[in-house]
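A quick write-up on the structure given underneath.
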Amino acid sequence: METAVRLEGVTKTYGATRAVSALSLNVPKGAIFGFIGPNGSGKTTTLRMILHILYPDAGSIEVLGSTSRRAANDRIGYLPEERGLYRKMTVRRVLAYYGGLKGMRLRDARAEADRWLERLGLAGWRDRKVETLSKGMQQKVQFIAAVLNRPDLLILDEPFSGLDPVNLEALREVILELKRRGATVIFSTHDMTKAEELSDTICMIFRGEKVLDGTLEEIQARYGADTVRVRLEGGPGALEGIAKGVRDLGRLQEVRFDGDPQELLRRLLERGRVEHFEVRRPSLHDIFLRIAGDGNGGGAAGAGA
Amino acid sequence: MSKVWRVAKNEYLNLVRSKAFLVSVFLMPVFSGGAIAVQTLLGDRVDLRDRRVAVVDGTFRLLEGLERAAKERDAAEGGEKPRFVLEDATGDEAALAQRVRAGDLFAYVLIQPDIIEGAPGAEVTYHTQNPTYDDLPRWIGNTINGEVRRIRFEEAGIDGAVVDRLSKAVPFKQYGVAEVTATGEVRKEKLNELQTFLTPMAAMFLLFMLVMMAAPILLNTVLEEKIQRIAEILVSSVSPFELFLGKLMGTVLVSWTLFLVYVGGGLFVAAHYGALSLVPFGLLGWFLFFQLLALLIFGSIFSAIGAACNEMRDAQSMMTPAMLIVMMPMFVWFVVLKSPDSPFAVAVSLFPPATPFLMLLRLAIPPGPAAWEVALACVLTAAFTLFCVWAAGKIFRIGILAQGQPPSFRRLAQWVFSR
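Protein chains in written order, with the working numbering: chain A, 1 to 305; chain B, 1 to 419.
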């Protein structure tokens, strides 16, 4: 499998704080790569190093087959976590400027900007100053700036934060379209549901260290135990002695059960009427809570390549 | 390099298209011209109320001459200046002081009895509540001295007319150094005050204005890009040093545009009034050269401060030492103008941050500094400029993405020498 981004033993410290520690990972070419972890886990620092905005203290980074900044720079699109647009410039001028900095000819940048503005419903705003746009509109403009140069690698830092459902759907559509076109997309998020929905491959870092990576199926298989959600006529007390690790979700109870779920169902039926029985694979959210709950990222042993 | 140019172009267009810039371009000459016009106008609107002065003449011999001189003066001024009305007064100083406070008198003068004899300790004293108005005390001092001198000559038996003739001032004119033409003719030109004082002063202040109208804007734009997180987008496309260079270039272009507007306007006016011969065209090249160096030096400093800080308040406190360096030529320019070839003038004009302004000032004063001084100034300032750009570039590279507390000067030094 071809690799779009390769990190080998990358470490970055800020003073006494180690933001990223000996991080190695491969992002497959053409994949959507979800980079997950809690706030302050080192996601943004890693993305900035991939962009050569920051330089690692140790380790090597290869992006689109090159370790040099100049070689790949114009083939990358970037949406930072905190949006940055010139408030006093018109939408079209900002986009043309950002496109120009990505090596596009101004004429091409303007044409591409017009196309995207039309597509995302902002055509009527192209000659307005950025400061007159709503926050959601500005987010769209920022996203257009990231994809204007038709990047081979698109890096999105927390792209879904603050988006309303309509914009969220539009962004999801565009990401999938870029993938179909052959682009590699790396996005960071602490929204595990979004990561599950979109990612072909996922990497989780916690306190600067990689704690797991692989496809969702691989990760779920590695973190094995399925969970079962039940509602019993006799209430949560009916589970006593049958299952361990019961989580009371209110109307339902969730249990981790290592054996055959059918066996669990049989034993519950012996105790009374079962109103709800649902076998669930562990979600990223569950896995994340399990790892983060260990306190020291104890799942690191399960991390793949 | 094309990306540096794109940054420069964007910086330039953002600045010259802003309303604040357009307003300042037109308002600056309006304010400057307006200030001169207002002063001229107000200068003409003199307070013409009489200046009533009580004179306590202890000699009993001077007041008459003073009154005669006051009448002659008032007649000569033709009502364009306030009349000096003298009043014979007694020696009750407390009462006179009270009348001054009450506004009945403008001043009072006490002339001691043995002033004509020149007795030790004898003096004339002038008392007023308006010490800033100096026409009256100066006139009184000169007139009393003239009267006393006349009386002393008379008492010595010397005719006053003879004294006037013998003490007539000789004509004194100031010329430049004579030049011998190819035909052997010796030419000497009368010293042109415009070229001697006004041109150097105007050139230096124009340079200062053009630099200070452009360079500090860099602090604001860099800080804005940092605060609004635009910098992160930019450095994902261009290196921080390219961004820094582009912004510097944009500022230089803005300042050169101002040069075109102001100097072009000045030349147009000079041509209109047939005064082009007074324009020192040879100085324009030096002006542009020193403008470039000054912009690179101060633009670098302001950019570095903008990149290092996270809010305007921090930037302003860091600006204080920078502004002291910027303002240094303003503290010493008059000394340099008065004595342009003194060791002090040579030394301060070789101090790189001040060189662009002070060496330009010296170049504008005929016959100008020695060639070696100009050459040394250029080399030192060019080297200092390169150092500033290099050091500011290093600070910019780290500072533009740094968050949190603004760095100390020690920390900035560490950034400069970091790998």
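Beta carbons: idealized from backbone N, C-alpha and C, even for Gly.
Pick helix, strand or coil for residue i, following the three-state DSSP scheme.
i        : result
Lys420/B : Because chain B spans 1 through 419 in this model, residue 420/B falls outside it and cannot be assessed.
Ser300/B : helix
Ser66/A  : strand
Phe85/A  : The residue you asked about is not Phe; residue 85/A is Leu in the sequence shown. It is coil, neither helix nor strand.
Val91/A  : helix
Ile61/A  : strand
Thr13/A  : strand
Thr3/A   : strand
Ala22/A  : strand
Pro356/B : helix
Ser277/B : helix
Pro28/A  : strand
Val326/B : helix
His190/A : coil
Gly304/A : Unreliable placement is indicated for Gly304/A, whose pLDDT of 34 sits below 50; the coordinate value is still reported in the next sentence. Gly304/A falls in the coil class under three-state DSSP.
Phe288/A : helix
Asp135/B : helix
Asp88/B  : strand
Gly298/A : Residue placement at Gly298/A cannot be trusted, given a pLDDT of 43 that sits under 50; what the coordinates show is reported in the next sentence. Looking at Gly298/A - three-state DSSP - the assignment turns out to be helix.
Val274/A : strand
Sorted by chain position, which residues of the same chain lie with C-beta nearer than 7 angstroms to residue i's C-beta, five sequence neighbours on each side aside?
i        : result
Phe298/B : Val211, Ala215, Val326
Phe344/B : Val335
Lys88/A  : Lys129, Glu131
Glu169/A : none
Ser66/A  : Ala72
Gly298/A : Summary for Gly298/A: the model assigns pLDDT 43, below 50, so the residue's position carries little reliability, and this model does not support an answer.
Val4/B   : Glu242, Leu245, Gly246, Met249
Leu360/B : Ala203, Met204, Leu207, Trp286, Phe287, Phe290
Thr45/A  : Lys12, Ala19, Val20, Leu54
Looking only at its chain, what residues have a beta carbon closer than 6 angstroms to the beta carbon of residue i, apart from the 5 residues adjacent to it on each side?
i        : result
Leu7/A   : Leu23, Ser24, Leu25, Ile61
Thr381/B : Leu293, Pro352, Thr355
Leu86/B  : Val53, Val55, Leu66, Glu67, Ala70
Val148/B : Ile116
Met201/B : none
Phe21/B  : Leu15
Among residues of its own chain, excluding the 5 on either side of residue i, which ones have a beta-carbon nearer than 8 angstroms to its beta-carbon?
i        : result
Lys19/B  : none
Asn437/B : Since the first and last residues shown for chain B are 1 and 419, residue 437/B lies out of range.
Leu148/A : Gly77, Leu95, Tyr98, Gly99, Lys102, Met104, Ala109, Glu112, Ala113, Trp116
Leu426/B : Outside the shown range of chain B (1 to 419) lies residue 426/B, about which nothing can therefore be said.
Gly404/B : Asn310
Thr90/A  : Arg126, Asp127, Arg128, Lys129, Val130
Report the partner residues of residue i according to the DSSP bridge assignment.
i        : result
Leu154/A : Gly77/A, Val185/A
Gln253/A : Val230/A, Asp248/A
Met204/A : Ile36/A, Leu212/A
Ala107/B : Val53/B, Thr128/B
Phe351/B : For Phe351/B, which the question treats as bridged, DSSP gives no partner whatsoever.
Lys129/A : Thr90/A
Arg187/B : Glu179/B
Gly279/A : The amino acid occupying residue 279/A in the given sequence is Val; Gly does not appear at that position. Partner(s): Val228/A.
Return yes when the Cβ of residue j is within less than 8 angstroms of the Cβ of residue i, no when it is not.
i        : j        : result
Ile287/A : Ile155/A : no
Thr3/A   : Lys43/A  : no
Lys102/A : Leu122/A : no
Asp57/A  : Thr13/A  : yes
Phe357/B : Leu207/B : yes
Ile242/A : Arg280/A : no
Asp152/A : Arg48/A  : no
Leu163/A : Leu171/A : yes
Leu412/B : Ser303/B : no
Glu254/A : Arg247/A : yes
Ile36/A  : Thr215/A : no
Pro82/B  : Arg101/B : no
Arg229/A : His285/A : no
Ala315/B : Phe396/B : no
Trp415/B : Gly399/B : yes
Ile305/B : Met318/B : yes
Gly272/A : Gly237/A : no
### Task
Determine which residues of the stretch 76 to 92 of chain A have a Cβ less than 8 angstroms from any Cβ of chain B, and write them out in chain order.
So the close ones are Ile76, Tyr78, Pro80, Glu82, Arg83, Gly84, Leu85, Tyr86, Arg87, Lys88, Met89.
### Query
Listed in chain order, which residues of the stretch 224 to 242 of chain B have Cβ atoms closer than 9 angstroms to some Cβ of chain A?
Here the close residues are Glu224, Glu225, Gln228, Arg229, Ile230, Ala231, Glu232, Ile233, Leu234, Val235, Ser236, Ser237, Val238, Ser239, Pro240.
### Message
Residues of the stretch 96 to 114 of chain A in Cβ contact with chain B at a cutoff of 7 angstroms, in chain order, please.
### Response
The stretch 96 to 114 of chain A vs chain B, Cβ under 7 angstroms: Tyr97, Tyr98, Gly100, Leu101, Lys102.
#### Entry: Short-range partners of chain B found in the stretch 38 to 65 of chain A, where Cβ spacing is below 7 angstroms
Look at the stretch 38 to 65 of chain A: the residues with a C-beta under 7 angstroms from a C-beta of chain B are Leu51, Ile53.
### Task
Please list the residues of the stretch 165 to 178 of chain A that have a C-beta atom closer than 9 angstroms to any C-beta atom in chain B, keeping them in chain order.
The stretch 165 to 178 of chain A vs chain B, Cβ under 9 angstroms: nothing.
### Message
Any C-beta of chain A within less than 9 angstroms: which residues of the stretch 393 to 412 of chain B qualify?
### Response
Those residues of the stretch 393 to 412 of chain B that come within reach of chain A (Cβ to Cβ, closer than 9 angstroms) are Leu401.
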